[in-house]
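Reviewing the structure listed below.
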Amino acid sequence: MAAYRAIRPAIVAAKVGYLGVSGLTISATINPKDFAYLVDVVNHAAQSAGVERAEYEIRTMHNIPQPTKND
1 MAAYRAIRPA IVAAKVGYLG VSGLTISATI NPKDFAYLVD VVNHAAQSAG VERAEYEIRT
61 MHNIPQPTKN D
């Protein structure tokens, strides 16, 4: 819960992509080039709040292909 309270406001303030929240899970749809920045935002927010790295998880990014004109 502490990690969620520290990380969620930082992600919202970063204004990167579209966010979704379900329970204590935060998901984001972002441009791949913004992934490293978002990870930095999450880690910095947690560290600033004194949240140990073991208390939260950053899961892998999944590419969502852009539709083509033929789709």
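Residue numbers (the numbering used here): 1 to 71. Note that beta-carbon positions come from the ideal geometry of N, C-alpha and C, so glycine has one too. All figures in this text were calculated on a predicted structure; none of them were measured in a lab.
Between A54 and A6, the CB-CB gap reaches or exceeds 8 Å.
Under the 10 Å beta carbon count, L24 is surrounded by fewer than 16 other beta carbons and is classified as exposed. Cβ contact annotation for V16 (same chain, cutoff 6 Å, sequence separation greater than five): I30, D34 and L38, in chain order.
Within the DSSP bridge table, the entry for G20 names S27 as partners. Counting C-beta atoms within 10 angstroms of its own C-beta, A45 has 16 or more neighbours from the protein chains shown and is therefore classed as buried. For V51 against A3, the beta-carbon gap comes to about 5 Å, under 8 Å, which counts as contact.
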